[in-house]
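Going by the numbering used here, the sequence shown runs without a break in its numbering and finishes at 190.
The beta-carbon is built from N, C-alpha and C at its ideal position, and this holds for glycine as well.
Only a predicted model underlies this, so the values are computations on that prediction, with no experimental measurement involved.
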Amino acid sequence: MPPRPMCRRPWAWHCGRGRAHRYFGTHNHLLGLAEGLYLEAISIDPAARVPAYPRWFGLDDFVGAPRLTTWICRTEDLSTLVRDLPEAGEIVALERGDLKWRMAVPPDGHLPFDGCFPALIQWDSPTPPGETLPSSGCTLETLTVAHPEADRLHQRLAPYLMDARVQFQPGSAHLEARLTGPAGPVTLR
């Protein structure tokens with residue numbers, strides 16, 4: 002399951018045109034990375050209706066500067082993964098245009114481990130967005146997941162996470178993505 006990290010706003014000017022997520026009242030911009038990965042800048046859509054349930058990724062409570070806040074892991078069997086990792090949340094079926102997917106979303110919208118637990122996704126469309134986005138020329142080198150309970154989080158995910166780029170380290174809860182691209186290396190935090 003390769004990580005699907007989200008990006009902070011400075012990358013948005015490189016990103017593809019944004020699209021709305023009606024169910025959660027959000028909108029996004031995507032930046033295509035190597036190997037079918039992508040960064041997603043996502044925020045509450047001020048033009049959308051306010052849903053009667055919490056938005057994904059804890060966006061209802063998001064404050065402060067744009068930053069890397071969430072990573073997403075793709076799976077081919079979301080039902081089994083949610084059974085094994087119930088803290089990931091409840092499965093929500095979503096669609097936009099010809100894209101169809103399911104995600105595990107915690108009932109309160111907040112991912113466990115202070116947001117350092119990955120969101121889980123299963124694409125039900127034959128071609129997910131990461132495979133159709135124009136290349137930015139950027140490659141994800143590492144995704145560091147820092148948390149005071151990093152060892153426990155790593156042990157929880159290790160049986161399911163097969164990507165050596167994802168590293169866990171003790172520290173204050175945050176994510177850090179190291180990328181290389183046409184302008185050289187960059188770190189998003």
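N-terminal and C-terminal residue of the alpha helix (DSSP H) that residue i is part of
i, result
"Thr81", "Leu79 to Asp85"
"Leu154", "Ala151 to Leu158"
Local Cβ density within 10 Å of residue i, reported as buried at 16 or more and exposed below that
i, result
"Thr128", "exposed"
"Met104", "buried"
"Arg75", "buried"
"Ser136", "exposed"
"Gly56", "Note on residue identity: the sequence assigns Arg, not Gly, to residue 56. When all chains shown are included, Arg56 counts as buried."
"Tyr39", "buried"
"Gln170", "exposed"
"Pro130", "buried"
"Ala178", "buried"
"Glu77", "exposed"
Range covered by the beta strand (DSSP E) that runs through residue i
i, result
"Arg179", "His175 to Gly182"
"Trp102", "Leu100 to Val106"
"Arg75", "Ile73 to Arg75"
"Phe169", "Val167 to Gln170"
Inter-residue CB distance, residue i and residue j (contact presumed, cutoff 8 Å)
i, j, result
"Arg157", "Leu141", "Their Cβ separation, rounded to whole angstroms, is 22 Å, which puts Arg157 and Leu141 out of contact at 8 Å."
"Leu100", "Ser126", "5 Å"
"Cys117", "Ala66", "That pair is no contact at about 18 Å."
"Leu154", "Leu176", "In fact, because the Cβ distance is near 12 Å, the residues do not count as touching under 8 Å."
Practice prompt. Please go through the segment 116-140 and give each complete beta strand (DSSP E) segment of 3 or more residues, from N-terminal end onward.
Written response: 120-124
Item to complete: Pick out the complete beta strand (DSSP E) segments inside the segment 34-68, 3 residues or longer, and give them in chain order.
Response: 39-45
Worksheet entry | At least three beta-carbon pairs within less than 8 Å, the segment 57-68 to the segment 106-124 | Contact between the segment 57-68 and the segment 106-124 is established, with three or more Cβ pairs separated by less than 8 Å.
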